[in-house]
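Okay, so here's the structure we're looking at.
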Amino acid sequence: MTIYGECIGARDRLPVTISLLDGHECQLEVPVEACEIEGVMDLWIGAIGPLPVMAETSGERRYRARFREPLDDRIIAHFAHA
5 MTIYGECIGA RDRLPVTISL LDGHECQLEV PVEACEIEGV MDLWIGAIGP
55 LPVMAETSGE RRYRARFREP LDDRIIAHFA HA
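Residues in the sequence shown are numbered consecutively from 5, following the numbering used here.
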């Protein structure tokens, strides 16, 4: 499942590709030319958001985002068919 979204930090607004979405975390991938994203930020998953997350690096251009609050099961079910 690949979903398009956006991360909004204190200074940057970046498009991201979201995968491995579950109720507690997801994986983010940023475009090659984008700067690194880490720390507290807001994540938009499609048109759903802002969702507060803590992002940390997990490899080249890949980040793990942990949701501050668990996502509703209906959100997971909606994007499971993406």
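Just so you know, even glycine gets a beta-carbon here, dropped at the ideal spot from N, CA and C. In this text, all values refer to a predicted model and were calculated from it rather than measured experimentally.
Checklist entry - DSSP puts Ile-2 in a beta bridge; with which residues? => result With the chain represented from 5 up to 86, any question about residue 2 goes unanswered, as that position is not in the structure.
Next on the checklist: Which of the three DSSP states is assigned to Ala-84 in this structure?
Outcome noted: To locate residue 84, count along the sequence shown from 1; it is residue 80. Three-state result, Ala-84: helix.
Checklist entry - Just the Cα atoms here: how many angstroms apart are Val-36 and Arg-66? => result One-based indexing of the sequence shown puts residue 36 at position 32. One-based indexing of the sequence shown puts residue 66 at position 62. Cα-Cα distance, rounded: 10 Å.
Checklist entry - Over what stretch of residues does the beta strand (DSSP E) that includes Val-34 continue unbroken? => result Reading the sequence shown from its first residue, position 30 is the one you call residue 34. From DSSP, Val-34 is part of no beta strand (DSSP E); its letter is neither H nor E.
Checklist entry - On the three-state DSSP scale, how would you describe Arg-72? => result Along the sequence shown, read from residue 1 onward, the residue named residue 72 stands at position 68. Here Arg-72 sits in coil by DSSP.
Item to check | Arg-66 in three-state terms, based on DSSP | outcome: One-based indexing of the sequence shown puts residue 66 at position 62. The answer is strand: DSSP assigns Arg-66 an E or B state.
Checklist entry - Among Ala-81, His-82, Leu-75, which one has its Cα closest to the Cα of Val-88? => result What the structure shows of the chain is the stretch from 5 to 86, and residue 88 is not part of that stretch, so it cannot be assessed.
Item to check | With 16 other Cβ atoms within 10 Å as the buried cut-off, status of Gly-9 | outcome: Looking up residue 9 in the sequence shown gives position 5. It counts as buried.
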